[in-house]
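Worksheet: the structure to be examined is printed underneath.
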Amino acid sequence: MSEPTLSICVPSRNRQIYFQETIKSLLVSERDDVEFVFVDNSDDPSVMDGFMRAFAGDRRIRYLRSGKTTLSMMDNWERALKAATGRFVAFIGDDDYIDPELAGFIVNLERKIKVDAIAWTGPNYIWPTEGSKPRSISISLKTNVTRFPRRDLLRKAFLWEGCSHVPLSGFSIYHGALSRNLLDKIRQMGKGRYFEFPIIDYEMAFKAVMLGETFVHVARPFSILGVCPLSNSMTIGNVEREKKGQEDFFKELGRDMNDDAWMKGTPFRTWHGITACIYLIQHWLSYKYGLQHEGYEQNLIRAFTANCGLFRDRESFDLVAGRYRTAIAAWKGGRYLADFDPVFVPRGAPADGPRFCGLKGENTLVFPDDVGGVRTPGELFHLFENLLVRPDDIAI
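With my numbering applied, the sequence shown covers 23 to 418.
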């Protein structure tokens with residue numbers, strides 16, 4: 023195979039059931055300009071080794087098996103990216119799905135402009151478990167392509183403009199695609215490494231905005247973010263699960279990041295919440311690369327407030343809000359403490375299945391996520407993909 027248009031990287035650890043379903047869904051594609059980099063980092067390599075033998079004749083696959091030593095997530099993603107050879111590279115989780123036809127959109131796009139980073143709008147899908155009820159899921163039928171000025175993305179990323187509990191910068195290698203040219207710049211910045219910080223998706227997003235020039239968003243969905251029972255996403259909003267998730271994360275990393283020397287300049291720690299974790303990447307960038315970072319403070323406080331709102335039982339909310347309040351009081355002389363005023367909103371009763379199905383507005387289709395009996399993100403995407411405009415035909 024000549025140089026692939028797109029490399030799709032799927033790193034995995036001890037989630038073989040979901041990994042296998044994702045691989046099967048991806049390999050339905052017949053495109054020959056896509057490279058699949060499947061990277062296992064599981065305790066028992068024999069499970070995926072045996073599964074992958076059935077696909078030994080597919081020249082599009084680069085399979086990296088588990089080694090004798092468990093790698094941190096950062097190192098596992100590093101070896102995945104170093105194995106990729108495509109002009110563009112995208113990562114998904116082992117419980118997600120991405121449309122290999124993204125390669126067709128890239129080819130179409132390259133005829134018109136030189137682009138560094140591509141992002142899109144995609145739905146979330148929660149893998150069903152015993153007793154779980156179907157949920158509503160919405161799919162955009164729009165195809166508009168928008169070029170974002172770098173200055174706007176810098177404000178969204180580092181000034182936290184318009185943020186929720188996370189900055190809305192939007193361009194990363196995770197559920198996005200970065201060009202080889204931009205990735206080479208990122209690797210040069212890291213002196214031979216792509217990933218330097220343990221929170222890898224947002225680290226890459228921030229570096230992409232710092233070093234990239236041309237950013238394109240397409241409204242057509244190209245991936246589905248899956249949430250299986252073992253997903254990191256399942257810990258958000260649950261104090262005990264977040265604590266356990268961080269303990270496991272640092273164990274595999276080989277150290278507690280909160281003890282690193284660069285942490286001495288801030289009162290925030292990873293255990294404050296997901297917003298603090300993402301802010302700490304920017305603090306690290308300032309420490310290591312001299313990132314000039316100011317004027318973001320009140321927006322960050324709003325994001326901390328939104329982070330508290332993810333906790334819908336009173337005890338957890340009070341605990342998280344109290345942690346943030348103590349840290350904010352010790353930050354920059356406590357001058358932003360008055361801006362921190364989280365409000366507890368109790369969890370409502372769960373919806374009894376999807377409440378609406380059909381066309382919402384002119385361009386959004388809403389339906390239950392078990393439509394047609396689907397049980398994986400890949401099956402869901404294959405079900406509705408014929409409703410979408412072919413990537414080759416998207417007007418640019």
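Every residue gets a Cβ at the ideal spot worked out from N, C-alpha and C, and that includes glycine.
Open item on the list: Can you tell me where the alpha helix (DSSP H) holding S88 begins and where it ends?
Closed with: Working through the sequence shown from its first residue, we reach residue 88 at position 66. Unbroken run through S88: none, as it is neither H nor E.
Open item on the list: Here's the rule I'm using: 16 or more other beta-carbon atoms within 10 Å means buried, otherwise exposed. How should K266 be labelled?
Closed with: As a first step, residue 266 is located in the sequence shown; it is residue number 244 there, counting from the start. Exposed, since its Cβ has fewer than 16 Cβ neighbours within 10 Å.
TODO: Please specify which runs of the alpha helix (DSSP H), each continuous and at least 4 residues long, are wholly inside the segment 172-224, giving them in chain order.
DONE: 172-180, 202-211
Task: Simplified DSSP state of H315, which is helix, strand or coil - done: Residue 315 sits at position 293 when you count from the first residue of the sequence shown. Coil, per DSSP.
Task: Strand pairing of P33, partner residues [DSSP] - done: On the sequence shown, residue 33 is found 11 positions in, with the first residue counted as 1. DSSP output for P33 lists V61 as bridge partner(s).
Open item on the list: Going by DSSP in three states, G295 sits in which element: helix, strand or coil?
Closed with: Translated into positions along the sequence shown, residue 295 becomes position 273. Reduced to three states, the DSSP call for G295 is coil.
Task: Cut-off 6 Å between Cβ atoms - residues of its own chain near R202, not counting five sequence neighbours on either side - done: Your numbering for residue 202 matches position 180 in the sequence shown. Excluding residues within five positions, the ones whose Cβ falls inside 6 Å are R109.
TODO: Sort out for me which residues DSSP pairs Y147 with in a bridge.
DONE: To locate residue 147, count along the sequence shown from 1; it is residue 125. According to DSSP, which records beta bridges pairwise, Y147 is partnered with G248.
Open item on the list: Does I140 come out as helix, strand or coil in the three-state DSSP assignment?
Closed with: Locating residue 140 in the sequence shown gives position 118, counting from the first residue. Reduced to three states, the DSSP call for I140 is strand.
- [ ] Would you check if the distance between the CB atom of G506 and the CB atom of S245 is smaller than 9 Å?
- [x] Because residue 506 is not part of the residues shown, which for the chain are 23 to 418, the question remains open.
- [ ] Give me the Cα-Cα distance between Q268 and D282, rounded to the nearest whole angstrom.
- [x] Mapped onto the sequence shown, residue 268 falls at position 246. Mapped onto the sequence shown, residue 282 falls at position 260. Approximately 15 Å, taken between the alpha carbons.
Task: Start and end residues, beta strand (DSSP E) containing F237 - done: The sequence position of residue 237 within the sequence shown is 215, counting from 1. Element bounds for F237: 237-240.
Task: 6 Å Cβ shell around R291 - same chain, five flanking residues per side excluded - done: To locate residue 291, count along the sequence shown from 1; it is residue 269. Here the set comprises N280.
Task: Alpha-carbon spacing of L175 relative to S191, whole angstroms - done: Position 153 of the sequence shown, counted from the first residue, corresponds to residue 175. Position 169 of the sequence shown, counted from the first residue, corresponds to residue 191. C-alpha separation (whole angstroms): 5 Å.
Open item on the list: Here's a check: name, in chain order, each residue in its chain whose Cβ is nearer than 6 Å to the Cβ of F389, leaving out the five neighbours to either side.
Closed with: Taking the first residue of the sequence shown as 1, we reach residue 389 at position 367. For F389, where only same-chain residues beyond five positions count, the Cβ hits under 6 Å are C379.
- [ ] Would you identify the three-state DSSP class for D398, choosing helix, strand or coil?
- [x] Here the question's residue 398 lines up with position 376 in the sequence shown. For the record, residue 398 in the displayed sequence is Thr; it is not Asp. Three-state result, T398: coil.
TODO: Could you tell me if L205 is buried or exposed, where buried requires 16 or more neighbouring beta carbons within 10 angstroms of its beta carbon?
DONE: Within the sequence shown, residue 205 is the residue found at index 183, counting from 1. Classification of L205: buried, given that the 10 Å Cβ count is 16 or more.
Open item on the list: Please return the same chain residues whose Cβ sits closer than 7 Å to the Cβ of W184, not counting the five positions on each side in sequence.
Closed with: Taking the first residue of the sequence shown as 1, we reach residue 184 at position 162. According to the sequence as given, residue 184 is Gly; it is not Trp. Excluding sequence neighbours, G184 sits near K178, L190.
- [ ] Identify the continuous alpha helix (DSSP H) that holds R345 and give its terminal residues.
- [x] Counting from 1 along the sequence shown, the entry for residue 345 is found at position 323. R345 -> alpha helix (DSSP H) spans 336-351.
Open item on the list: Check whether the segment 213-224 and the segment 153-162 touch, using three or more Cβ-Cβ pairs below 8 Å as the test.
Closed with: no
TODO: Alpha carbon to alpha carbon, how far is E407 from L48? Give it in angstroms, no decimals.
DONE: Counting from 1 along the sequence shown, the entry for residue 48 is found at position 26. Counting from 1 along the sequence shown, the entry for residue 407 is found at position 385. Between L48 and E407, the C-alpha separation is close to 13 Å.
Task: Nearest residue (CA-CA) to W293, options E123, N385, R357, T348 - done: Here the question's residue 293 lines up with position 271 in the sequence shown. When only C-alpha atoms are compared, the closest one is T348.
TODO: Identify, in the order they occur along the chain, each residue of the same chain with its Cβ nearer than 7 Å to the Cβ of D97, setting aside the five sequence neighbours on each side.
DONE: What you label residue 97 is simply residue 75 of the sequence shown in a count that begins at 1. Correct list: empty, nothing qualifies.
Open item on the list: Restricting to Cα atoms, I'd like to know which of D118, L28, Y85 is closest to L131.
Closed with: Locating residue 131 in the sequence shown gives position 109, where the first residue counts as 1. Measuring from the Cα of L131, the nearest candidate turns out to be L28.
TODO: Pick out whichever of M74, F219, F170, R81 has its Cα sitting closest to the Cα of M95.
DONE: Within the sequence shown, residue 95 is the residue found at index 73, counting from 1. The option with the nearest alpha carbon to M95 is F219.
Task: Local conformation of Y119 per DSSP, three classes - done: Locating residue 119 in the sequence shown gives position 97, where the first residue counts as 1. Here Y119 sits in strand by DSSP.
TODO: In the DSSP assignment, find the unbroken beta strand (DSSP E) run with S162 in it and report its ends.
DONE: Walking along the sequence shown from the start, residue 162 turns up at place 140. Segment 158-162, the beta strand (DSSP E) holding S162.
Open item on the list: What does DSSP give as the partner residue(s) for K382 in the beta ladder?
Closed with: For this step, residue 382 is matched to residue 360 along the sequence shown. Answer is T386, bridged to K382.
Task: Length of the line joining the Cα atoms of R334 and C299 - done: Residue numbering aside, residue 334 sits at position 312 when the sequence shown is read from its first letter. Residue numbering aside, residue 299 sits at position 277 when the sequence shown is read from its first letter. Those two C-alpha atoms are separated by around 20 Å.
Open item on the list: How far does the alpha helix (DSSP H) with V129 in it extend, from its first residue to its last?
Closed with: Translated into positions along the sequence shown, residue 129 becomes position 107. From DSSP, the alpha helix (DSSP H) with V129 extends over 124-132.
TODO: Determine the direct distance from the alpha carbon of I140 to that of D391, and round the result to whole angstroms.
DONE: Numbered from its first residue, the sequence shown carries residue 391 at position 369. Numbered from its first residue, the sequence shown carries residue 140 at position 118. The straight-line gap from Cα to Cα measures roughly 26 Å.
Task: Distance between beta carbons of Y309 and G287, contact taken as under 8 Å - done: Translated into positions along the sequence shown, residue 287 becomes position 265. Translated into positions along the sequence shown, residue 309 becomes position 287. So it is a contact: roughly 7 Å between Cβ atoms.
- [ ] Check whether the segment 29-44 touches the segment 112-124, taking contact to mean three or more Cβ pairs, one atom from each stretch, closer than 8 Å.
- [x] yes
Task: Contact belief for I30 with P122 at Cβ below 8 Å, rounded distance in angstroms - done: On the sequence shown, position 8 is the one that residue 30 refers to. On the sequence shown, position 100 is the one that residue 122 refers to. Rounded, the Cβ-Cβ distance is 7 Å, consistent with contact.
Task: DSSP three-state assignment for V365, whether helix, strand or coil - done: In the sequence shown, the residue the question calls residue 365 occupies position 343. Of the three classes helix, strand and coil, the one that applies to V365 here is coil, per DSSP.
TODO: Compute the distance between the beta-carbons of S64 and R84, then report whether it is under 9 Å.
DONE: Residue numbering aside, residue 64 sits at position 42 when the sequence shown is read from its first letter. Residue numbering aside, residue 84 sits at position 62 when the sequence shown is read from its first letter. Their beta carbons are not under 9 Å apart, which means S64 does not touch R84 by this criterion.
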